[in-house]
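Asker: Pasting a structure here, questions to come.
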Amino acid sequence: MSDKPLAPAIEGWHTMAAKPHLIGSQCTHCGTYFFPKQEQYCRNPACDSTDFREVELSRTGHIWSYTNACYQPPAPFVAPDPFEPYAIAGVQLEREQMVVLGQVVAGVGVEDLKVGMPMELVLEPLHETEDDIKVTWKWRPLAADASNRPGE
Amino acid sequence: MSNEIAIIGAGMHPWGKWGHNFVQYGVAAAREALADAGIPWQDVRFVSGGATVRCGYPGYVAGATFAQALGWQGAEVNTSYAACASGSQALAAARNKILAGECEVALVVGADTTPKGFLAPAGGYRPEDPDWVRFYLGITNPTYFALYARRRMDLYGDTLADFAAVKVKNSRVGAKNPRARYRKCFTAEDVAASAMVADPLRLMDICATSDGGAALIVCSLEYARRIGKADAPRVAAISTVTPTFASGVVEMPDIATDSAAAAGVEALAYRSSIPMKAYEEAGIGPEDVSLAEVYDLSTALELDWIEDLRLAPRGDAAALLRQGDTALGGRIPVNVSGGLACFGEAVPAQAIAQVCELTWQLRGEAGDRQVKNAKVGITANQGLFGHGSSVIVKR
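From first to last, the protein sequence lines are chains D and B. By the working numbering, the letter at position 48 of the first sequence is numbered 112, and the numbering carries on one by one without gaps. By the working numbering, the letter at position 14 of the second sequence is numbered 996, and the numbering carries on one by one without gaps.
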């Protein structure tokens, strides 16, 4: 990778901190979370609130299911040449009670994953443009050290 | 009963990768259905088309496009779009028109010409569109099928051999279906030798996209009696209900599920909610079903559907498969048309094609694919964003 500046692949969907969080929203009336952020209407059928607060979602959770991409997806995906397969995980966030999909970090394959495995959110490059390196959220197996407890 | 309509004609253009204009497939299917019904085109007073979004404006207004191609004769037109559930919604529109007494005979028709490879999203930079976002992040349709397949392995102990056995089973009947695209008897070794697409699913576990067209002639029970077809198969239920909030299954093309964090929320994924309503509407239960045509977008998904249709308890579909219960000649044959495994998917035609197969089966005209004494058939298919449809046909 070059020394170009880092920029989010999709603006406003996650923080850019060393320990990043997805940016979602929460209905102030019923407490339902949304990702991507939803600030216009609450999708809980028992709630007609239009009042939301922006929230950082839990950055750790457990694998709901996982797979990989062995074939290059079509555009708008920007693939490296040659294409490198990558793993994908759906991770269950406990507090939010929702599953969020994302790529798994480079170097971790399906053989390294298991349903229920603790994962954490990190940022990694998705592709490079002329001006910057576009990064996005990816899931990484949670290191088994005490400073990185689930539920953080 | 008063909510039923009769199916007096069924027709299909064979599935394939023909590369012709979709209208040609729809017209061929419609003409076959009309000939099957034995009625003149001029008797059709409502043309209900399933839209295709990959063939330009003629596809968006498919009902009118087919009506024009068959020759304007003053019928009313309708076009429905609901991804793979389009055909069922087009059928529902025809049923409503007939039951309201506004017409006696309707044509329901869908056809598609599909591009090669992955289905891709609309162009441009559109981060507000989940379909665009997931492709940008590298998440294709097989990703979702594979996540569900892995869940089956983890929760129920399903194996790769089970998934391959679905393909082998479906290819055995598909090989006998002149309308199917893939007509070869594949072995478990063939499946295992095919390329991995989205672990644990290989190329031969996943359905292709195809060209094809399917059509039905449906009418009031009174009209069917008048033309001597009082015993024609009947549409007993059409279900297009949504899931209930909060659904805990990541549905294509969403990047996340609903959140169930709010108190008092109950979840029912759409694959469970759709057949429930269909059974209720038809006044029958899973024990009455003679055969099912389900949406095997992947081999593993056929097993999910079998449980969602309550033809087996949750987690037991693979056991049914291993016993041969879901094969032709078994207790509850599933996908005796060959399913998507042998057809590939022609989106707006597929739900109609499922009903065509049930029609032929219930009439006893399915030849060497015939399910003995077939009385009740059910379909299930998947749209997008967690919705789909189920149709029950009975005789």
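We put the CB at the ideal spot given by N, CA and C, even for glycine.
Alpha carbon to alpha carbon, how far is residue 117(D) from residue 98(D)? Give it in angstroms, no decimals.
Answerer: Here residue 98(D) is taken as the residue at index 34 of the first sequence, counted from 1. Here residue 117(D) is taken as the residue at index 53 of the first sequence, counted from 1. Rounded to whole angstroms, residue 98(D) to residue 117(D) spans 10 Å at the Cα level.
Asker: Who are the near neighbours of residue 1212(B) in its chain, counting only those whose CB is closer than 7 Å to its CB and skipping five residues on each side?
Answerer: Within the second sequence, numbered from 1, the residue matching residue 1212(B) stands at position 230. The residues are 1206.
Asker: How would you list, in chain order, the residues of chain D whose beta-carbon sits under 7 Å from the beta-carbon of residue 1136(B)?
Answerer: Stepping through the second sequence from its first residue, residue 1136(B) is reached at position 154. Within chain D, the residues near residue 1136(B) are 179.
Asker: Between the beta-carbon of residue 1244(B) and the beta-carbon of residue 132(D), is there less than 7 Å?
Answerer: Numbered from its first residue, the second sequence carries residue 1244(B) at position 262. Numbered from its first residue, the first sequence carries residue 132(D) at position 68. Contact flag unset, no.
Asker: Write down every uninterrupted run of the beta strand (DSSP E) in the segment 175–200 of chain D whose length is 3 residues or greater and which is fully enclosed by it, in chain order.
Answerer: Here the runs fully enclosed are 182–192.
Asker: What residue range does the alpha helix (DSSP H) around residue 1068(B) cover?
Answerer: Against the second sequence, residue 1068(B) aligns to sequence position 86. That run of the alpha helix (DSSP H) goes 1068–1081.
Asker: Could you tell me whether any Cβ in chain B is nearer than 7 Å to the Cβ of residue 174(D)?
Answerer: Counting from one through the first sequence, the residue named residue 174(D) turns up at place 110. It does: the Cβ of residue 174(D) has a partner Cβ on chain B nearer than 7 Å.
Asker: Decide if residue 1332(B) is buried, meaning its Cβ has at least 16 other Cβ atoms within 10 Å, or exposed.
Answerer: In the second sequence, residue 1332(B) corresponds to position 350, counting from 1. Flag for residue 1332(B) reads buried.
Asker: Chain D partners of residue 1125(B), CB-CB under 7 Å?
Answerer: Here residue 1125(B) corresponds to residue number 143 of the second sequence, with the count starting at 1. 131, 133, 152, listed in chain order.
Asker: When burial is assigned at 16 or more other CB atoms within 10 Å of the CB, is residue 105(D) buried or exposed?
Answerer: To locate residue 105(D), count along the first sequence from 1; it is residue 41. Under this definition residue 105(D) is an exposed residue.
Asker: Can a CB atom of chain D be found closer than 7 Å to the CB of residue 1239(B)?
Answerer: Position 257 of the second sequence, counted from the start, is the residue given in the question as residue 1239(B). So, interface residue.
Asker: Would residue 97(D) count as contacting chain B if we go by Cβ distances under 7 Å?
Answerer: Position 33 of the first sequence, counted from the first residue, corresponds to residue 97(D). Interface residue, yes.
Asker: Helix, strand or coil for residue 1254(B), going by three-state DSSP, please let me know.
Answerer: Your numbering for residue 1254(B) matches position 272 in the second sequence. Of the three classes helix, strand and coil, the one that applies to residue 1254(B) here is helix, per DSSP.
Asker: For the beta strand (DSSP E) that contains residue 1094(B), what are its first and last residues?
Answerer: Against the second sequence, residue 1094(B) aligns to sequence position 112. Run containing residue 1094(B): 1087–1094, per the beta strand (DSSP E) assignment.
Asker: Is residue 1296(B) close to chain D? Criterion is C-beta to C-beta, closer than 7 Å.
Answerer: For the purposes of this step, residue 1296(B) is taken as residue 314 along the second sequence, with counting starting at 1. Closer than 7 Å: no.
Asker: Got a sec? Which residues, its chain only, sit under 6 Å from residue 1348(B) by beta carbon, not counting five neighbours each side?
Answerer: As a first step, residue 1348(B) must be located in the second sequence, where it is residue number 366. Contacts found: 1342.
Asker: If you drop the 5 nearest sequence neighbours on each side, which residues of the same chain put their C-beta closer than 8 Å to that of residue 177(D)?
Answerer: Mapped onto the first sequence, residue 177(D) falls at position 113. Answer for residue 177(D): 127, 130, 151, 153, 168, 205, listed in chain order.
Asker: Have a look at residue 1122(B) and residue 137(D) and give me their C-alpha separation to the nearest angstrom.
Answerer: By one-based count along the second sequence, residue 1122(B) stands at place 140. By one-based count along the first sequence, residue 137(D) stands at place 73. Straight-line Cα distance between these residues: approximately 6 Å.
Asker: CB-CB under 7 Å to residue 1169(B), same chain, minus the five flanking residues each way: which ones, in chain order?
Answerer: For the purposes of this step, residue 1169(B) is identified with residue 187 of the second sequence, where counting begins at 1. These residues qualify, in order along the chain: 1150.
Asker: Mind checking residue 1137(B): buried by the 16 CB within 10 Å criterion, or exposed?
Answerer: The sequence position of residue 1137(B) within the second sequence is 155, counting from 1. The residue in question, residue 1137(B), is exposed, as its Cβ has fewer than 16 Cβ neighbours within 10 Å.
Asker: What first and last residue would you give for the alpha helix (DSSP H) that runs through residue 1151(B)?
Answerer: The residue given as residue 1151(B) occupies position 169 in the second sequence. Taken as a continuous stretch (DSSP letters only), the alpha helix (DSSP H) holding residue 1151(B) covers 1142–1156.
Asker: Find the nearest neighbour of residue 1090(B) within the set 1220(B), 1061(B), 1239(B), judged by alpha-carbon distance.
Answerer: Counting from one through the second sequence, the residue named residue 1090(B) turns up at place 108. Closest by alpha carbon: 1061(B).
Asker: Residues in the same chain with beta-carbon distance under 6 Å from residue 1263(B), minus the five sequence neighbours each way, listed in chain order, please.
Answerer: Residue mapping note: residue 1263(B) aligns to position 281 of the second sequence, counting from 1. If we look at residue 1263(B) and ignore the five residues flanking it on each side, its Cβ neighbours are 1219.
Asker: Taking C-beta pairs closer than 7 Å, name the residues in chain B that residue 104(D) reaches, listed in chain order.
Answerer: Residue mapping note: residue 104(D) aligns to position 40 of the first sequence, counting from 1. Simply none; closest approach about 11 Å.
Asker: Indicate whether at least one CB of chain D lies closer than 7 Å to the CB of residue 1117(B).
Answerer: Taking the second sequence and counting its residues from 1, one reaches residue 1117(B) at position 135. By this cut-off, residue 1117(B) is an interface position.
Asker: Can you say whether residue 80(D) is buried or exposed, counting buried as having 16 or more other CB atoms within 10 angstroms of its CB?
Answerer: Your numbering for residue 80(D) matches position 16 in the first sequence. By the neighbour-count rule (16 or more Cβ atoms within 10 Å), residue 80(D) is not buried but exposed.
Asker: Cα-Cα, which of 1109(B), 1371(B), 1229(B) is closest to residue 1256(B)?
Answerer: By one-based count along the second sequence, residue 1256(B) stands at place 274. The candidate whose alpha carbon is nearest that of residue 1256(B) is 1371(B).
Asker: Using Cβ-Cβ distances below 8 Å, what residues of the segment 190–208 of chain D are close to chain B?
Answerer: Residues 190, 200.
Asker: For residue 215(D), is the classification buried or exposed, using 16 other Cβ atoms within 10 angstroms of its Cβ as the cut-off for buried?
Answerer: Looking up residue 215(D) in the first sequence gives position 151. Below a pLDDT of 50, predicted positions are generally treated as unreliable, and residue 215(D), at 45, falls in that range; the measurement from the model is reported next regardless. Under this definition residue 215(D) is an exposed residue.
Asker: Do the segment 1273–1290 of chain B and the segment 1326–1340 of chain B meet, that is, are 3 or more Cβ pairs less than 8 Å apart?
Answerer: Verdict: yes, contact present.
Asker: Report the residues of the segment 106–120 of chain D with a CB closer than 8 Å to any CB of chain B, ordered along the chain.
Answerer: So the list reads 107, 108, 109, 110, 111, given in the order they occur along the chain.
Asker: From which residue to which residue does the beta strand (DSSP E) around residue 162(D) run?
Answerer: Translated into the one-based positions of the first sequence, residue 162(D) becomes position 98. Unbroken beta strand (DSSP E) run through residue 162(D): 162–168.
Asker: Please list, in chain order, the chain D residues whose beta carbon lies closer than 7 Å to that of residue 1178(B).
Answerer: Locating residue 1178(B) in the second sequence gives position 196, where the first residue counts as 1. Those are 134, listed as they occur along chain D.
Asker: Can you give me the C-alpha to C-alpha distance between residue 142(D) and residue 1368(B), rounded to a whole angstrom?
Answerer: Within the first sequence, numbered from 1, the residue matching residue 142(D) stands at position 78. Within the second sequence, numbered from 1, the residue matching residue 1368(B) stands at position 386. The straight-line gap from Cα to Cα measures roughly 27 Å.
Asker: Which ranges would you report for the alpha helix (DSSP H) in the segment 1002–1067 of chain B if only whole runs of at least 4 residues count?
Answerer: You should have 1004–1019, 1039–1042, 1044–1052.
Asker: So if DSSP puts residue 1331(B) in a beta bridge, which residue, or which two residues, is it bridged to?
Answerer: As a working mapping, residue 1331(B) is identified with position 349 in the second sequence. Per DSSP, none; premise fails for residue 1331(B).
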